[in-house]
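Below is one structure, written out as structure tokens; comments come after it.
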């Protein structure tokens, strides 16, 4: 039996982060992953991450994946791929299928970072080819470059449903609708808004009645549900689609920990069966740790910090650092993790209906119902101001732990302050140069540069644009409102694609000046 | 003492319902009605359901349906899904050919 | 086929292995070496991977990461192969599965 100081199961964000923390202290560490590529789901995440600098905010997920792999390699972590862990025993014996044989390893410590699996929901026709998990769509699009379908209905308005809807559109798919049985959009409002302004309708309090088709999906019927989630007759709506995507939550993949004999609990707030562990991932079994989604469903950003925590704890357990150093390291990581666990979407707020922002401003009802902030609601947020000349309009309306916009502006136009969840404000006296760094830095694509009056009856609106083909300068088309409906004619003035924008193109369109605060997307005629 | 330990508790008769023909376990093709009926036949735990119906015992080993099965059984028993013990976790944790499962590697036995 | 993404606004053009030939139910198809068999099939417009044992219902890609086992087919004579995580190789023989064996044409509904 081969022995390691530390065996980590899962080479996703948590597992790799744990491995780096351990290996840089000289601990002989191996990471097993059943997939043929490391990185877990990070390489499917093509959007910019939220958070602050220490959480690698505004960096795209797949780039973070690459960074982690580099760090792992440099710190001497051994990552073994196509290595399926089929068993974990109390004495930290790890049984792995490698190739065509079974291998046994013994870890002086073991960190389980196996992540989560997708929940599914059943309805008539759910087994038809063409009904897929949202993760499957991401895998096909972003890892393998193949379209799951041409016209897709998304079930689920959490961040996964919203982000994958956007990714589908980035590849040229049409998203027919986003449907959720819940009465409110579950994910970040900014994720919903960037989908809604392209014209995707949201159907909240709706769910799938049936998938239609003979040997693959050709359509879907949805209907409204009442407060007991029963269908309301007469509310059926039909869509011709070839794909139905299910994004109805994740469950921790904690079976290995249960098998090893860790004390478990069933905690709906954490997504299901999870090991009972302390803040730093110490399970009930000495020398076995858990990190990332396996111990509670959260974001990849939190998983990376939890991974580091488990790595530090394992280092102390193995005697590579003393308790004092462990304490110091964990305190720093605590701060980083607490930074992410704030705001409206914090784990403690799960399932709560929040009516007001931390600033005391009413949350947009329309955002939660239809995915976009209505015209009569947008003016009440502190990032939305009016002034002469070009200036940022920040349509950030929910308290999310995220602050890259404040660092992006060299003129100091944007301020969030010390509390990372505060809504950004546009400062009074600073002078916007129209550089566009704030637009490109906003992971939620919620910042626009607006010149409300160019002096000739027109206004310009600069918006983030991550689709192909890129409209050319001078192309004529229409300006779409936040609801994705036509508000006016529009002409493209410029399209900027600088390296520093990191693939978020800045499209500037000219619109009649009365539409400066209304037009938020461009569609070519 | 929890709701599961008193097996003489009357949970009422099995009554067919709309949606009983809906597939739950995709691998073994077990329907919602079959699972509901199994509860009334006395199968009150996930382990019993698995052995009785094979729901969650197919190729994927319950990866897709375990949460759905749990929900149906819990509802039938009038308890919260959190009160139901999930199925036993045991090796092999992933689908694996018996030929491979039985193939113990020799190369790791030199150390220790 | 337009099922493949030629250029992605964020990821650009994706690197693929060399083009290889394989057969699907005896028909010649092309795909890229190393990509999952299911991806090559998807790019060729194939939706049905198997028919189930009891109800003889069609199944295809569902989870795409080797978890759900719905996309299994008979590959080079071996049944129950998860095509979504099996790398494509030149000359592979991929067959629609019916129950646990390769489907004969009369197995299809």
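Residue numbers (this note's numbering), protein chains in the order written: chain A, 1 to 525; chain B, 1 to 112; chain C, 1 to 109. Yeah, the Cβ is synthetic: ideal placement off N, Cα and C, and Gly gets one too.
Determine, using beta carbons only, whether residue i and residue j come nearer to each other than 7 Å.
i             : j             : result
residue 329/A : residue 312/A : yes
residue 343/A : residue 399/A : yes
residue 163/A : residue 191/A : yes
residue 565/A : residue 198/A : Outside the displayed range of chain A (1 to 525) lies residue 565/A, so it cannot be described from this structure.
residue 525/A : residue 461/A : no
residue 12/A  : residue 31/A  : no
residue 28/B  : residue 58/B  : yes
residue 394/A : residue 321/A : no
residue 48/A  : residue 60/A  : yes
residue 3/B   : residue 30/B  : no
residue 310/A : residue 101/A : no
residue 83/C  : residue 73/C  : yes
residue 350/A : residue 269/A : yes
residue 19/C  : residue 13/C  : no
residue 50/A  : residue 196/A : no
How big is the Cα-Cα spacing for residue i and residue j?
i             : j             : result
residue 333/A : residue 254/A : 24 Å
residue 88/B  : residue 261/A : 11 Å
residue 208/A : residue 34/C  : 36 Å
residue 171/A : residue 141/A : 7 Å
residue 80/A  : residue 86/C  : 18 Å
residue 278/A : residue 55/C  : 47 Å
residue 266/A : residue 46/B  : 14 Å
residue 472/A : residue 492/A : 7 Å
residue 28/C  : residue 249/A : 39 Å
residue 52/A  : residue 159/A : 19 Å
residue 516/A : residue 202/A : 25 Å
residue 94/A  : residue 28/A  : 16 Å
residue 331/A : residue 340/A : 15 Å
residue 212/A : residue 124/A : 8 Å
residue 37/C  : residue 353/A : 45 Å
residue 610/A : residue 407/A : No information on residue 610/A is available, as it lies outside the stretch 1 to 525 that chain A covers here.
residue 112/B : residue 1/A   : Any reading at residue 112/B needs caution, since the residue's pLDDT is 45, under 50, leaving its predicted position unreliable; the model's value is listed next. The straight-line gap from Cα to Cα measures roughly 7 Å.
residue 25/A  : residue 315/A : 8 Å
residue 65/B  : residue 94/B  : 15 Å
residue 46/C  : residue 58/C  : 12 Å
residue 302/A : residue 70/A  : 20 Å
residue 104/C : residue 98/C  : 8 Å
Around the C-beta of residue i, are 16 or more other C-beta atoms found within 10 angstroms, so that it is buried, or is it exposed?
i             : result
residue 494/A : exposed
residue 107/B : exposed
residue 23/C  : exposed
residue 230/A : exposed
residue 11/C  : buried
residue 25/B  : buried
residue 86/B  : buried
residue 532/A : An answer regarding residue 532/A cannot be provided, because it is not within the stretch 1 to 525 covered by chain A.
residue 102/B : exposed
residue 177/A : buried
residue 466/A : buried
residue 366/A : buried
residue 362/A : exposed
residue 298/A : buried
residue 101/C : exposed
residue 364/A : buried
residue 252/A : buried
residue 410/A : exposed
Taking only heavy atoms of the ligand GDP into account, decide whether any of them is closer than 6 Å to the Cβ of residue i.
i             : result
residue 248/A : Looking at this structure, you won't find the ligand GDP or any other ligand, since it has none at all.
Got a sec? Which residues, its chain only, sit under 6 Å from residue i by beta carbon, not counting five neighbours each side?
i             : result
residue 17/C  : 32, 33, 34
residue 237/A : 222
residue 421/A : 342, 343, 399, 401
residue 39/A  : 65
residue 258/A : 264
Only counting the same chain, and skipping five residues up and downstream in sequence, which positions put a Cβ closer than 7 Å to that of residue i?
i             : result
residue 386/A : 452
residue 34/B  : 53
residue 413/A : 392, 426, 427, 430, 432
residue 99/B  : none
Taking 8 Å as the limit between beta carbons, can you name the residues of its chain near residue i, skipping five residues before and five after?
i             : result
residue 512/A : 457, 458, 459, 488, 489
residue 348/A : 341
Touch check for the segment 25-42 of chain C and the segment 110-123 of chain A: three-plus C-beta pairs under 8 Å?
-> no
Is the segment 59-67 of chain A touching the segment 75-91 of chain A in the sense that three or more CB pairs, one from each, lie closer than 8 Å?
-> no
Counting pairs of Cβ atoms below 8 Å between the segment 232-248 of chain A and the segment 130-149 of chain A, do you hit three or more?
-> yes
Take every Cβ of the segment 51-66 of chain C, pair it with every Cβ of the segment 128-136 of chain A, and state whether three or more of those distances are shorter than 8 Å.
-> yes
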